[in-house]
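All the letters of the sequence shown, read from the start, carry residue numbers 1 to 312 under full-length UniProt numbering.
In this text, a Cβ means the ideal position worked out from N, Cα and C, and glycines have one as well.
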Amino acid sequence: MPPTLLLANTWASSAIVSRRVSLFVACSTTVVSRSFSKTCSGAIPRKPKSAYPAITGSRTCFSQNPIARNLIGSASKMGATVEDTTMDAVQRRLMFEDECILVDEEDHVIGHDSKYNCHLMEKIESENLLHRAFSVFLFNTKYELLLQQRSATKVTFPLVWTNTCCSHPLYRESELIEENNLGVRNAAQRKLYDELGIAAEDVPVDQFVPLGRILYKAPSDGKWGEHELDYLVFIVRDVAVHPNPEEVADVKYVSKEQLKELIRKADAGEDGIKLSPWFRLAVDNFLFDWWNKAENGTLAEAVDMKTIHKLT
């Protein structure tokens, strides 16, 4: 084929491809724009409206649209957030799909946002994002406390030792129930199964005892961190534990003296042991007193769900 004809054909093919790409992008943009508008107006919600109580201040209308979520995922793969492509697949899914409950410093619900945004220190600092959380302290009937070491794939505080289970109630009807802290207790039961394989019937929601709330802020590294209004919850049950390796690297029961030795090693930097900041705050301010009361059958004396202890 003559060079001039070859060049002309090449140019024509490039033009066709370019036009097709432009049309695809334009059509995709139109679809996303329309879907976004309909989702925001409630015309095609991802879930029935009954699944989401009427709460103002929502920040996640765009992320609730499946087309938009796919677009976000594609952008990440193309390098828009290159650093996030190294995130473990399970943790990435949880980061973008889980919707944390946003609260003010008095624990009033003001909206919701992705787990991803709630743990970005840039967002925490610039927008003062504060989300609701819980920390479960599970004891066996010998009053030994079950600890877990967080998985190496955890985005925040990987491989640190902490209390039995630490997570978030999600923005869903069953976990937004305020009465008797039922939403938090439902979430605690769910996550004990997710992280430790503890069956729901082994930890009935009416056996969880919320004792108090703390508000704290803690950076994990240069990018991630925590800013939580954290419910501290006790439960005394003998359970079968089947840790999920995606969430948990190790588990062990400890007595008071064994925990004190673990704390000593963490303070001395021995054996690479580190403790999560929320667990350390609970240890330093409440844990041993509450532990004694649990053993003595006077745990009810420790309950104070009116006070929010600001320990930041």
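Problem - Continuous beta strand (DSSP E) assignments of at least 3 residues falling wholly in the UniProt domain "Nudix hydrolase" (129 to 281) - result: 131 to 139, 145 to 150, 165 to 167, 209 to 219, 225 to 236, 248 to 254
Check your understanding: Is it the case that the CB of Gly222 approaches a heavy atom of the ligand MG more closely than 7 Å?
Key -> With respect to the ligand MG, the structure shown offers nothing to examine, as it has no ligands at all.
* Asked: With burial defined as no fewer than 16 other Cβ atoms inside 10 Å of the residue's Cβ, what is the status of Thr156: buried or exposed?
  -> buried
Tell me, to the nearest whole angstrom, how far the beta carbon of residue 319 is from that of Glu228; I am working on the premise that it is less than 8 Å.
Nothing about residue 319 can be read from this structure; the chain reaches only from 1 to 312.
Based on DSSP bridge pairs, tell me the residues matched to Cys100. Asp113, Leu170
message: Below 8 Å on the Cβ atoms is my contact criterion, and I expect Ile177 with Phe208 to pass it. Report the Cβ-Cβ distance as a whole number of Å.
response: Contact doesn't hold; Cβ gap of about 13 Å is too wide.
query: So, using beta-carbon positions, are Thr307 and Gly183 closer together than 8 Å?
result: no
Practice task
Figure out for me which residue from Ala240, Ala200, Pro158 has the closest Cα to the Cα of Asn186.
Solution key: Ala200
- [ ] Assign Ile16 to buried or exposed, taking buried as 16 or more other Cβ atoms, counted over all protein chains shown, within 10 Å of its Cβ.
- [x] Caution applies to Ile16, whose pLDDT of 38 falls short of 50 and renders its modelled position unreliable; the model cannot decide the point.
**Request:** Identify every residue that forms a DSSP beta bridge with His309.
**Result:** Ile214
Alpha carbon to alpha carbon, what distance is there between Ser220 and Leu159?
12 Å
Check whether the Cβ atoms of Leu281 and Tyr231 sit closer than 8 Å, and answer yes or no.
no
Going by other Cβ atoms of all chains shown within 10 Å of its Cβ, with 16 needed for buried, is Gly272 buried or exposed? exposed
Would residue 314 be called buried (16 or more neighbouring beta carbons within 10 Å of its own) or exposed? Nothing can be reported for residue 314: it is not among the residues displayed for the chain, which extend from 1 to 312.
Q.
Just to check my reading of the structure: His131 and Cys118 have Cβ atoms closer than 8 Å, yes? What is that Cβ distance to the nearest angstrom?
A. 5 Å
By how many angstroms is the C-alpha of Ser255 removed from the C-alpha of Asp289? 14 Å
Would Gly42 be called buried (16 or more neighbouring beta carbons within 10 Å of its own) or exposed? Note that Gly42 scores 32 on pLDDT, short of 50, meaning its location in the model is unreliable and no value can be drawn from it.
* Asked: Among residues of its own chain, excluding the 5 on either side of Asp304, which ones have a beta-carbon nearer than 6 Å to its beta-carbon?
  -> Gly212
Since Leu170 and Asp98 should fall inside the 8 Å C-beta cutoff, what is the C-beta to C-beta distance between them, to a whole number of angstroms? 6 Å
ask   = When the Cα atoms are used, what is the spatial distance from Gly197 to Pro243?
value = 6 Å
Nearest-angstrom Cα separation, counted from Glu173 out to Asp194
19 Å
Of the residues Lys142, Glu175, Met121, Thr141, the one placed nearest Cys100, counting alpha carbons only: Glu175
Note to self: Looking at Val283: is its Cβ nearer than 8 Å to the Cβ of Arg150?
What the structure shows: no
Can you tell me which of the three DSSP states Asn292 falls into? helix
Item to check | Residues of its chain near Asn285, where Cβ-Cβ distance is below 8 Å and the 5 sequence neighbours each way are ignored | outcome: Ile214, His309, Leu311
- prompt: Lys223 and Leu120: beta carbons closer than 8 Å?
  reply: yes
**Prompt:** Are there 16 or more other CB atoms within 10 angstroms of the CB of Glu226, so buried, or fewer, so exposed?
**Reply:** buried
* What span of residues does the alpha helix (DSSP H) with Glu125 cover, start to end? -> 121 to 127
- Message: Our contact map puts Ala266 next to Lys274 with C-beta atoms below 8 Å; I'd like the distance itself, whole angstroms only.
- Response: 6 Å
* Using the rule of at least 16 other Cβ atoms within 10 Å of the residue's Cβ for burial, across every protein chain shown, is Pro277 buried or exposed? -> buried
**Item:** CA-to-CA distance, Glu246 to Gln258, given in whole angstroms
**Value:** 26 Å
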